[in-house]
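Trainee: Residue numbers (my numbering): 10 to 586.
Note that the Cβ used here is the ideal one computed from N, Cα and C, for glycine as well.
Quick caveat: nothing in here was measured; it's all calculated off a predicted structure.
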Amino acid sequence: MNPAHSPAATSASPPAARPAGHALVQALIEQGVDTCFGVPGESYLAVLDGFYEHRDRIRFIACRQEGGAAFMADAQGKLSGRPGVCFVTRGPGATNASIGVHTAFQDSTPLVLFIGQVASDQRDREAFQEIDYRQMFSPGTLGLAKWVAEVHSADRVPEYVARAFHTAMQGRPGPVVLALPEDMLTTLTTAPVLPRVEPVHAWPAPGGLRDLRAMLMAAQRPLVLAGGSGWDAEAAKALQRFAENWQLPVACAWRFQDTFDNRHPLYAGDVGIGTNPRLVARVKDADLVIALGVRLGEMTTQGYSYLQAPRPVQKLVHIHAGAEELGRVYQADLMLQASMACAAKALEALAAPTLVPWAAHAVSARADYEANLVAPAVEPLDMAVLIKALQRLLPESTVYTNGAGNFSGWLHRYCSHPGLQHHGRTQLAPTSGAMGYGLPAAVGAALLQPERWVVNIAGDGDFLMNGQELATATGYGAKKLISVVVDNGTYGTIRMHQEREYPSRVSGSDLFNPDFAALARAYGWRGEFIDTTAAIESALKRAIEAGVPTLLHVKLDANVSTSRTTLEAIRKAAGGG
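1) Which of helix, strand or coil does DSSP assign to A451?
2) For a quick check, are the C-beta atoms of G445 and I466 less than 8 angstroms apart?
3) Classify E637: buried if its beta carbon has 16 or more other beta carbons within 10 angstroms, exposed otherwise.
4) Use the C-beta contact count for Y53: other C-beta atoms within 10 angstroms, 16 or more gives buried, fewer gives exposed.
5) Suppose you measure from the CA of F137 to the CA of R337; what does that come to, to the nearest Å?
6) My assumption, with CB atoms under 8 angstroms, is that L390 sits in contact with D540. Please give the rounded CB distance.
7) Can you tell me where the beta strand (DSSP E) with M474 in it begins and where it stops?
8) Mind checking whether G239 and A330 have CB atoms under 8 angstroms apart?
9) Can you look up W462 in the DSSP assignment and give me helix, strand or coil?
10) Name the one or two DSSP bridge partners that Y409 has.
11) In angstroms, rounded to a whole number, what distance separates the CA positions of D141 and V365?
12) From L316 to D294, what distance separates their C-alpha atoms?
13) If you draw a straight line from the C-alpha of A567 to the C-alpha of V233, how long is it?
14) Starting from K602, trace the beta strand (DSSP E) both ways and give me its first and last residue.
15) Which stretch, first to last residue, makes up the beta strand (DSSP E) that contains V186?
16) Which partner residues does D164 have in the DSSP bridge list?
17) Using 10 angstroms around the beta-carbon of S572, count the other beta-carbons present and answer buried if the total reaches 16, otherwise exposed.
18) Between the C-alpha atoms of A454 and R181, what's the straight-line distance to the nearest angstrom?
19) Residue range of the beta strand (DSSP E) that V94 falls in?
20) Tell me the DSSP secondary structure of P101 in three-state form.
21) Which residue wins for smallest C-alpha separation from F525, given the options G486, G476, R172, E546?
22) Taking only runs of the beta strand (DSSP E) that begin and end inside the region 527 to 580, which ones reach a length of at least 3 residues, in chain order?
23) Strictly by DSSP, which residues pair up with G125?
24) In the DSSP assignment, the alpha helix (DSSP H) including G278 goes from what residue to what residue?
25) What distance in whole Å lies between the Cβ atoms of A552 and I491, which are believed to be in contact at a cut-off of 8 angstroms?
In C-alpha cells, the structure reads:
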C-alpha cells in the first residue's frame with residue numbers, strides 16, 4: 010500500500026472516548042464560545058461536568074432564573090453577531106426560558122437554547138417534567154424558534170451543534186432549540202467536533218440594484234429606514250457612505266437606533282413608539298422608502314399605519330436577509346434578498362448624481378431630530394436631564410439596555426448612539442416588548458465585555474421581573490454597571506392606555522414597591538435614592554467612581570407618563586375631566 014494513501018495519512022485519529030456532554034462543550038469551544046449562561050439542572054449534569062473539564066477555555070454563568078439566563082444569551086447574540094448560548098433543565102426550566110427564545114425570534118437574534126430532557130427510556134410517558142419541545146417551540150414564521158430538534162445519538166452531537174449554529178445565523182438570524190436526553194449525554198462517543206460555522210452571505214441581484222438606482226433618480230423625498238440584525242462594522246460604514254453619496258436622510262427602526270451614527274448630519278431619528286411627530290409626517294410624505302434590514306413590524310410601522318399594508322402609498326424597496334420575510338406583510342415595489350454584510354456594500358457602489366433634489370429635505374430632517382432633543386423642564390425630577398447626564402459623563406462606547414415600559418421613551422428619545430461601526434452594539438432592547446429584559450441583558454453585557462460601561466434603565470414593574478440577577482452580577486464580579494430604576498408606583502404603559510380608553514377607572518395597574526436602593530445593597534451593590542433633578546449629577550459621579558455596580562432608585566411622579574405628555578392630559582383628551 011502506498012503510505013500516502015493509508016488511513017493514517019488521510020485522516021486524523023479520532024478523539025478519545027468521552028461523554029457526549031463533554032463532546033458538546035468541546036463543540037461549543039470550536040464554535041468560538043467562551044461563555045454560556047444558564048441555570049443548572051440534574052438533567053444535564055454531564056454537560057456541567059464538561060464545563061468543569063474545560064474550565065480554562067469556557068465558563069458557565071449560573072443565573073438566578075432561566076428567563077434572565079435566556080435574556081443574557083440574547084444580549085450575547087446581539088453583541089457578538091454569533092449565537093448566544095443558554096442551558097436550562099427540562100419542564101419549568103424550559104418554560105421559564107421561552108420568553109428569551111421569543112424575544113430572540115422577534116429581534117432576529119442568533120441564539121441556541123439547550124434543554125436537558127428526560128431519559129430516552131422514559132419518553133412519551135409524561136415523565137417528571139417531560140415536554141415535547143418540538144411542539145412547544147413549534148418552528149415557523151409565527152413560532153418561537155427557527156429549528157427545534159432532540160439529539161438521540163451521542164455520535165451526532167457535534168453535527169447537531171454545527172447545524173444549530175448555522176441555522177441560528179443563516180438568512181434571518183434567530184433562535185434554535187436542542188433537547189438533550191439525560192442518558193444520551195452520559196453515553197461515550199469518539200465523534201470529532203466539526204469546524205467553526207460561518208453564515209453564507211447573499212448579495213443583492215445586479216438587476217435589482219439597477220432598478221433601485223432608477224427609483225432613486227426619480228424620487229423627490231426619499232428616506233432610508235435601517236435596522237434589524239446581521240450588521241457588522243463594515244456594513245455600517247458602507248451604509249453611511251451610501252447615505253453620504255446620495256445625501257439620503259436615514260431613520261432607524263424601533264430599538265435598532267445604533268445601526269446608524271446618531272451624530273451624523275443625515276440621521277433623522279428613530280421610528281417606532283413615541284416617534285417624533287415631524288419624523289412620522291416625513292415617513293408618510295416620502296415618495297420612496299428604502300427599508301434596509303428591518304422586518305417592518307407592527308411597532309416600527311405603528312400598527313402598519315406609517316406604511317399601509319399590504320400596499321403602501323409610498324414606493325417601497327425592501328431589502329432583507331430572509332426570503333420568508335419579503336412579501337409577507339408588504340407587497341413592495343422592489344424586493345431584494347441580501348445579507349446586511351453585503352447589501353450595504355452593494356448600495357455604496359451605486360453611482361450617485363452630483364446634485365440631488367432632496368438635499369434641503371435631508372437638512373430639515375436633521376433639524377427636526379435636533380429640535381426633538383429639546384424639551385421643557387419637568388419638576389421635581391427630569392428624566393431627560395438624567396439621560397443626557399449619563400451620555401455626558403460616560404464614554405460613547407457605553408452599552409444601554411432596557412426592558413418594556415413608558416420609562417424607555419426617555420432613553421430612546423435622548424440617548425445618542427455612535428453607530429455600531431465605532432464600538433459595536435450600544436443598544437440592547439427587546440422589540441418583542443418583553444418586560445424584565447434590561448437588567449439581565451446589562452449583567453450579561455457587563456460580564457461579556459468588562460472593559461465597557463453598561464447602563465440599564467428599568468421601570469419599577471420591569472425591574473422586579475428579573476431583579477434577582479443583581480446577585481449574578483455580584484457573584485461574577487461585574488464592575489462597570491449602573492441600573493437606574495424609575496419608580497412611579499404603576500405599570501405606566503398600562504395606566505396610560507387605561508386613562509385613554511377608560512379615564513379615571515384605574516384597575517390592576519398600581520404597584521407597591523420596596524426600597525430599591527436597600528434591596529440593591531442587600532445584593533452587594535451600592536444603592537442611592539434620587540427624587541430631584543439637582544441630585545442627579547453628583548449621584549452619577551459617585552456611581553462611576555465606586556468600582557462596584559450601583560443601583561439608582563429614581564422617584565418619578567406617576568402623572569409624568571411619557572417624555573411627551575402626562576396622565577392628566579391623556580385623561581382630559583379622553584373626556585375624563
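Mentor: On the basis of the supplied data:
1) helix
2) no
3) Since the first and last residues shown for the chain are 10 and 586, residue 637 lies out of range.
4) Burial check for Y53: the Cβ neighbour count within 10 Å reaches 16 or more, so the residue is buried.
5) 40 angstroms
6) That belief holds up - the Cβ atoms of L390 and D540 are roughly 6 angstroms apart, short of 8 angstroms.
7) First-last for M474: undefined, no H or E at that position.
8) Taking 8 angstroms as the Cβ cut-off, G239 and A330 qualify as a contacting pair.
9) coil
10) Q436, V464
11) Rounded to the nearest angstrom, the gap between the Cα atoms of D141 and V365 is 58 angstroms.
12) 10 angstroms
13) Straight-line Cα distance between these residues: approximately 37 angstroms.
14) Given that the chain is displayed from residue 10 to residue 586, the structure contains no residue 602 and the question cannot be resolved.
15) Run containing V186: 184 to 190, per the beta strand (DSSP E) assignment.
16) Paired residue(s): none; D164 is not in a bridge.
17) buried
18) 23 angstroms
19) 93 to 97
20) helix
21) Scanning G486, G476, R172, E546 for the CA closest to the CA of F525 turns up G476.
22) 535 to 539, 559 to 564
23) G125 is bridged by DSSP to L189.
24) Careful: G278 lies outside any alpha helix (DSSP H), inside the beta strand (DSSP E) at 276 to 280.
25) With 8 angstroms as the limit, I491 and A552 qualify as a contact, their Cβ atoms being about 5 angstroms apart.
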